[in-house]
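Heads up: the structure comes next, in structure tokens.
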Amino acid sequence: MSEGQLTSPPGTHDVLAPQSRAWEFLLATFADQAHRHGYGLVVSPMFEDVAVFHRGIGEASDVARKEMYTFTDRGDRTYALRPEGTASVVRAYVQHHPTPPWKAWYATPAFRYERPQAGRYRQHHQVGVEALGTDDPYMDVEVIALAWRFYQALGLRRVTLMVNSMGHDECRGHFVQRLTAHLEIRVTELCDEHAKVWSTNSLRVLDCKTEACRSVVQSGPTLAQSLCDACAHHFDVVTSGLDALEIPWVRNLNLVRGFDYYTRTTFEFAADALESAQNAIGGGGRYDKLAEDLGGEPTSGVGFGSGIERLLLALAAEDAERVAEIESRGVDVFVVDATGGREALVLADELRSAGVSVDRAFDGRSMKSQLKVADRSGAAWAVIIGSQELEAQVVTLRDLRATGEGDRQSAVPRADVVTRIVELLRKSEAL
Ligand code: HAM
Numbered sequence: 007m008s009e010g011q012l013t014s015p016p017g018t019h020d021v022l023a024p025q026s027r028a029w030e031f032l033l034a035t036f037a038d039q040a041h042r043h044g045y046g047l048v049v050s051p052m053f054e055d056v057a058v059f060h061r062g063i064g065e066a067s068d069v070a071r072k073e074m075y076t077f078t079d080r081g082d083r084t085y086a087l088r089p090e091g092t093a094s095v096v097r098a099y100v101q102h103h104p105t106p107p108w109k110a111w112y113a114t115p116a117f118r119y120e121r122p123q124a125g126r127y128r129q130h131h132q133v134g135v136e137a138l139g140t141d142d143p144y145m146d147v148e149v150i151a152l153a154w155r156f157y158q159a160l161g162l163r164r165v166t167l168m169v170n171s172m173g174h175d176e177c178r179g180h181f182v183q184r185l186t187a188h189l190e191i192r193v194t195e196l197c198d199e200h201a202k203v204w205s206t207n208s209l210r211v212l213d214c215k216t217e218a219c220r221s222v223v224q225s226g227p228t229l230a231q232s233l234c235d236a237c238a239h240h241f242d243v244v245t246s247g248l249d250a251l252e253i254p255w256v257r258n259l260n261l262v263r264g265f266d267y268y269t270r271t272t273f274e275f276a277a278d279a280l281e282s283a284q285n286a287i288g289g290g291g292r293y294d295k296l297a298e299d300l301g302g303e304p305t306s307g308v309g310f311g312s313g314i315e316r317l318l319l320a321l322a323a324e325d326a327e328r329v330a331e332i333e334s335r336g337v338d339v340f341v342v343d344a345t346g347g348r349e350a351l352v353l354a355d356e357l358r359s360a361g362v363s364v365d366r367a368f369d370g371r372s373m374k375s376q377l378k379v380a381d382r383s384g385a386a387w388a389v390i391i392g393s394q395e396l397e398a399q400v401v402t403l404r405d406l407r408a409t410g411e412g413d414r415q416s417a418v419p420r421a422d423v424v425t426r427i428v429e430l431l432r433k434s435e436a437l
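To get my numbering, take the position in the sequence shown, counting from 1, and add 6.
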């Protein structure tokens with residue numbers, strides 16, 4: 007690297023083609039699933055009044071205490087870059103009063119000051135949905151099903167869905183009391199971090215990955231024992247709904263998730279092909295108090311977010327060939343014009359108007375060098391225009407994927423080439 011050259015900050019990445027083709031595929035697949043389930047796109051600011059997150063995800067949460075990018079702007083206001091999507095979307099709901107149930111989907115960067123490593127970044131990206139204005143347990147099922155169908159459509163096969171219920175405030179308070187009493191007895195056995203914070207934030211001990219905390223938690227009280235009848239019923243309807251859709255799930259009694267806003271249903275998806283420390287490819291749950299916490303009317307809500315980088319890591323771990331195939335999907339046609347470039351300009355425009363994706367070379371390169379670029383472009387077909395073709399009012403159509411030399415190329419009248427290519431692409435189901 008030359009002196010003075012600037013690079014992206016630690017824990018952030020530039021995503022360029024061809025890798026970004028997998029991103030395009032993922033985003034299109036998510037948008038398709040969101041539309042199938044009746045969600046509309048929401049776009050909200052990347053930074054918010056810091057209170058949105060303090061009141062939303064909880065000041066005591068790890069993300070708010072240790073990971074938020076907080077700054078004061080020139081107008082002396084304190085903002086934070088969004089560490090997650092839910093609090094902003096609910097703030098937007100409270101501000102604009104859309105008609106409930108309001109079903110919104112998003113694709114967003116999220117910023118967390120974490121220790122960068124594979125699958126853990128300071129800027130990661132999420133796709134997600136939030137459904138506000140109903141506490142119907144079938145909405146929880148629909149949200150989980152959307153995520154599940156999305157993973158299936160991506161081609162992920164080895165995903166485990168874990169579900170749990172936090173109960174509402176009272177159940178949770180009851181559980182926290184019992185858990186705190188249990189931890190107090192076993193405090194000397196906790197890991198260093200949780201030996202310090204167990205009394206103020208006992209729920210965090212539940213998702214600690216150290217052996218020490220896990221064994222203390224294993225012998226402790228469970229959330230299930232603290233659920234009131236209404237919360238237990240809600241959970242039963244959710245899980246029987248998952249059964250009705252044949253979506254496999256397991257109960258994870260320790261699944262509390264990292265934000266304070268969750269009530270009742272919580273869920274997480276683990277990619278079995280990834281290392282366990284970074285195998286959460288998505289997670290979410292219900293948050294029936296969040297709108298009120300942000301100054302709105304009491305409004306139930308449920309949603310999930312899924313990390314794009316982790317989903318792509320999981321896809322590559324399950325089926326690297328498939329990812330390579332997605333990344334190699336180039337344009338349909340590459341136009342090679344050795345007569346100066348004007349012919350390529352016009353033909354490319356005609357093809358694009360007919361729905362064909364086209365690229366071409368620039369800078370008056372030689373025929374040989376343009377053909378090399380055509381080969382590298384991933385295009386299925388090259389259209390070649392040399393001076394002889396121009397004179398005879400034809401083009402040469404070359405199949406770039408054919409292996410033998412045989413009938414690899416043919417002359418096509420210039421006037422027919424767009425129709426011919428559209429036919430060929432339809433036959434190969436590329437159009
Ligand atoms: P979360 O579990 O914190 O939930 O994040 C959602 C997903 O984002 C994770 O499952 C993971 O795939 C990905 N992710 C999180 N942090 C990182 C990171 N540092 N690097 C790479 N990927 C990461 C939420 O954010 C909630 N807003 C989800 C939700 C929506 N709950 C209700 N509605």
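Every residue, glycine too, gets a C-beta built ideally from N, C-alpha and C.
Asked                                                                                                                                                                           : Found
Nearer than 8 Å: is that true of the beta carbon of Thr92 relative to any heavy atom of the ligand HAM?                                                                         : yes
Taking 8 Å as the limit between beta carbons, can you name the residues of its chain near Asp278, skipping five residues before and five after?                                 : Arg164, Val165, Thr166 and Asn285
Three-state secondary structure (DSSP) at Phe368?                                                                                                                               : coil
The alpha helix (DSSP H) with His174 in it runs from where to where?                                                                                                            : His174 -> no alpha helix (DSSP H), and no H or E assigned at all.
My assumption, with CB atoms under 8 Å, is that Ala116 sits in contact with Gln132. Please give the rounded CB distance.                                                        : 6 Å
For a test of your reading of the model: does the CB of Arg358 fall under 8 Å from any non-hydrogen atom of the ligand HAM? Yes or no.                                          : no
Under 8 Å from any heavy atom of the ligand HAM, does the C-beta of Ile150 make it?                                                                                             : no
DSSP state of Phe265, grouped into three classes?                                                                                                                               : coil
Suppose contacts are defined by Cβ-Cβ distances below 9 Å. Is Ala344 in contact with Ile314 by that definition?                                                                 : no
Who are the near neighbours of Val424 in its chain, counting only those whose CB is closer than 7 Å to its CB and skipping five residues on each side?                          : Glu356, Leu357 and Ala360
Decide if Val96 is buried, meaning its Cβ has at least 16 other Cβ atoms within 10 Å, or exposed.                                                                               : buried
Between which two residues does the beta strand (DSSP E) carrying Asp405 extend?                                                                                                : Val400 to Asp405
Sorry if obvious, but does the Cβ on Arg128 come closer than 8 Å to a heavy atom of the ligand HAM?                                                                             : yes
Hey, out of Thr206, Ser8 and Leu318, whose CA is closest to Val21's CA?                                                                                                         : Leu318
Taking Arg184 as the reference, which of Glu195, Trp204 and Thr194 has the closest Cα?                                                                                          : Trp204
Based on DSSP bridge pairs, tell me the residues matched to Trp111.                                                                                                             : Leu47 and Val135
May I ask you to report which of helix, strand or coil DSSP gives Gly289?                                                                                                       : strand
Label Phe36 either buried or exposed according to how many other C-beta atoms from any shown protein chain fall within 10 Å of its C-beta, with 16 as the threshold for buried. : buried
Check whether the Cβ atoms of Phe368 and Gly384 lie closer than 9 Å to each other.                                                                                              : no
In angstroms, rounded to a whole number, what distance separates the CA positions of Met168 and Tyr85?                                                                          : 34 Å
Checking 9 Å against the spacing of the C-beta atoms, do Tyr157 and Phe275 come in under that value?                                                                            : yes
Going by the DSSP bridge assignment, what does Tyr85 pair with across the sheet?                                                                                                : Asp55 and Phe77
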